[in-house]
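Final position of the sequence shown in our numbering is 445; the numbers increase by one with none missing. Note that beta-carbon positions come from the ideal geometry of N, C-alpha and C, so glycine has one too. Bear in mind that the values here come from a model prediction, so they are computed numbers and not experimental data. Data block below; observations after.
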Amino acid sequence: MHVDIGAALASAADPGVERATLDDLDERVAAAHERIEQGRDDGEFGYASLNLPEATDAETIRDAVAPVADADSVITVGIGGSALGAKTITEALAEDPDSHVVLDNVDPEHVRRTLDGLSLADTAINVVSRSGTTAETLANFLVVREAYEDRGVDWTERIVVTTGESGPLRALADQHDLPTLPVPEGVPGRFSALSAVGLVPPAILGIDIEGLLTGGQTAADDLAPSLYDSPAYAYGAMAYALEEEGATVNAVMPYAERLESFGEWFAQLWAESLGKDGRGQTPARALGATDQHSQLQLYRAGHRDKVITFVRPRERADVAIPDPDHEDLSYLAGTDLGGLIDAEYEATVASLPAADRPALEVEIDRLDAENLGELLYAMEAACVLVGELAEVETFTQPAVEWGKNATRALIRGESTDETAVIDERERLRIGETESL
Ligand SMILES: O=P(O)(O)OC[C@H]1O[C@](O)(CO)[C@@H](O)[C@@H]1O
């Protein structure tokens with residue numbers, strides 16, 4: 010993996026990072042690296058995430074999925090970090106990305122349409138919840154289970170459960186003696202892609218999960234006490250320094266259709282880890298080349314509050330572009346789609362500093378298991394570094410609890426502090442027919 014920070018230096022962009030600032034920051038990176046390594050050595054909560062490439066046992070995962078290894082499809086019932094890692098990996102690497110469907114929302118129309126579109130007899134169920142209590146996951150699981158029963162498919166023979174030691178999902182797994190896998194100790198969901206949480210669907214679909222772990226270990230081996238020696242820390246240090254300079258939005262723009270979900274996974278990792286104490290970059294999701302025709306106008310000419318993170322595989326498959334039969338298209342003659350998207354990448358990356366806006370480049374050699382494992386791990390390590398530099402609680406997410414408590418109270422018809430807030434909310438509905 011390679012990280013290029015040149016287009017985000019102050020000499021190239023505003024906001025931008027002075028070389029002197031970066032050199033000073035490197036001393037803090039060294040201290041942060043020491044703290045991170047100590048946390049890893051001690052298996053501390055959160056820091057243990059960065060031990061997964063060694064701690065995850067691929068064989069245990071393969072044994073657990075053996076009973077459903079013949080499945081043509083997998084339906085994952087989970088949400089947040091319990092779904093996005095697996096979704097990112099299968100979208101990037103599965104022979105047929107559509108063979109993995111993810112129910113990570115409780116939109117009734119979407120759930121019904123998804124289940125109606127599946128041959129449940131050929132579909133494995135992958136239920137994942139660290140807490141085992143997440144309402145969306147448990148509700149969707151009950152709906153999925155009923156669908157299997159209604160169609161006369163024994164769901165207990167088509168399922169793998171990944172959950173914690175307690176909670177209703179663990180109880181259900183024990184009650185039906187279901188194949189289960191533990192969630193990794195001390196690893197928040199958004200950091201668990203390189204564990205059973207993210208690797209069960211890939212294992213069922215024949216993806217090289219050992220390669221993913223090897224790639225993660227490569228990134229782990231590249232962690233060093235200087236940002237100049239570690240791609241992950243170079244990216245993290247620049248993201249932190251740019252936020253300090255006013256880049257409060259981080260738009261991740263992969264130039265590969267199969268990395269679109271990577272942007273979704275990155276968004277949870279970055280927002281839920283770093284959105285603390287009134288700070289944290291807002292992760293925006295974009296896709297190259299498509300969003301050159303959508304968001305690029307804003308990136309080049311809008312507020313000076315963004316850094317664009319470009320991600321691309323250096324090697325690509327190629328599809329030849331047939332010779333055009335119009336002189337205005339003669340420039341396409343003899344080219345191919347890979348050459349076109351790479352030209353667009355180079356042009357768009359350069360267009361940011363050309364507009365005095367910062368860009369960071371993350372390049373992997375090709376989109377395969379090892380390179381994806383390296384990318385995922387490196388972004389996790391970068392996130393942990395930013396958390397150390399920003400001095401925030403990287404591994405918790407207390408701000409999400411209010412909504413969960415309010416939802417449960419509303420569903421139960423209880424009166425709580427949260428429902429009082431809901432009842433007393435000032436409302437100004439526009440578009441209503443009756444007078445206010
Ligand atoms: O794996 P669980 O416990 O179902 O949680 C799912 C997701 O919900 C969160 O806890 C936030 O509510 C995320 O941190 C987590 O990835």
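Could you pull out every residue in the same chain whose Cβ sits closer than 7 Å to the Cβ of LEU187, ignoring the five residues on either side in sequence? THR165, ILE168, VAL170
Unbroken beta strand (DSSP E) runs of length 3 or more, entirely within the region 169 to 248: which are they? 189 to 191
CA-to-CA distance, THR442 to TYR264, given in whole angstroms: 46 Å
Roughly how many angstroms lie between the CA atoms of GLU418 and SER424, to the nearest whole one? A small correction: the amino acid at residue 418 is Ala; Glu does not occupy that position in the sequence shown. One C-alpha to the other measures close to 7 Å.
Proximity to VAL110 [Cα-Cα], best of ASN149, PRO62, GLY220: ASN149
Return yes when the Cβ of ILE70 is within less than 7 Å of the Cβ of ALA212, no when it is not. yes
DSSP three-state assignment for GLU370, whether helix, strand or coil: strand
Where VAL83 and LEU208 are concerned, what is the direct C-alpha to C-alpha distance, given to the nearest angstrom? 12 Å
Can THR143 be considered in contact with ligand 1, in the sense that its beta carbon sits closer than 6 Å to one or more heavy atoms? yes
Which same chain residues end up closer than 8 Å to GLU43 when comparing Cβ atoms and leaving out the 5 residues on each side of it in sequence? PRO234
Reference SER58, options PHE404, ALA19, GLU174, THR357, closest by Cα: PHE404
So, for VAL395: in the same chain, excluding its five sequence neighbours on each side, which residues have a beta-carbon less than 7 Å away from its beta-carbon? GLY245, ALA248, TYR249, LEU283
Nearest neighbour of THR318, chosen from ASP365, ALA356, VAL192, LEU369 [CA to CA]: LEU369
Cα separation between LEU445 and VAL430? Caution applies to LEU445, whose pLDDT of 49 falls short of 50 and renders its modelled position unreliable; the model cannot decide the point.
Can you check which of these residues, ALA133, GLN301, ALA241, ALA256, is closest to ALA73 by C-alpha distance? ALA133
Any chance the CB of VAL38 is under 6 Å from a heavy atom of ligand 1? no
Output the distance between the C-alpha atoms of GLU223 and ASP231, rounded to the nearest integer angstrom. According to the sequence displayed, residue 223 carries Thr and not Glu. So the two alpha carbons sit approximately 13 Å from each other.
Expressed to the nearest angstrom, what Euclidean distance is found between the alpha-carbon atoms of ASP377 and ASP426? 49 Å
Counting pairs of beta carbons, one from the region 191 to 210 and one from the region 93 to 100, are three or more of them closer than 8 Å? yes
I want to know whether the region 21 to 33 touches the region 350 to 368 - three or more CB-CB distances under 8 Å. yes
Please report the residue range of the alpha helix (DSSP H) in which ARG294 lies. Where ARG294 is concerned, there is no enclosing alpha helix (DSSP H), although the beta strand (DSSP E) it sits in stretches over 291 to 294.
Starting from the Cα of GLY297, find the closest Cα among GLU63, LEU251, ILE350 and give me that residue. ILE350
Check each candidate in TYR308, GLY348, ARG313, SER303 and name the one with the smallest Cα separation from ARG325. GLY348
With which residues is THR142 paired in a DSSP beta bridge? According to DSSP, which records beta bridges pairwise, THR142 is partnered with nothing at all.
Report the option in ARG139, GLY176, VAL120 whose CA atom is closest to the CA atom of ARG154. VAL120
Using a Cβ-based criterion (distance less than 6 Å to any ligand heavy atom), does GLY176 qualify as near ligand 1? no
On the three-state DSSP scale, how would you describe ASP105? coil
When the distance is taken between beta carbons, is LEU384 closer than 7 Å to VAL316? no
Closer than 6 Å: is that where the CB of THR146 sits relative to any heavy atom of ligand 1? yes
From the DSSP output, in three-state form, read off ALA21 for me. coil
Does DSSP classify ASP33 as helix, strand or coil? helix
Do ILE45 and VAL393 have their CB atoms nearer than 7 Å? yes
Is it buried or exposed, TYR242, if we count other Cβ atoms within 10 angstroms and call 16 or more buried? buried
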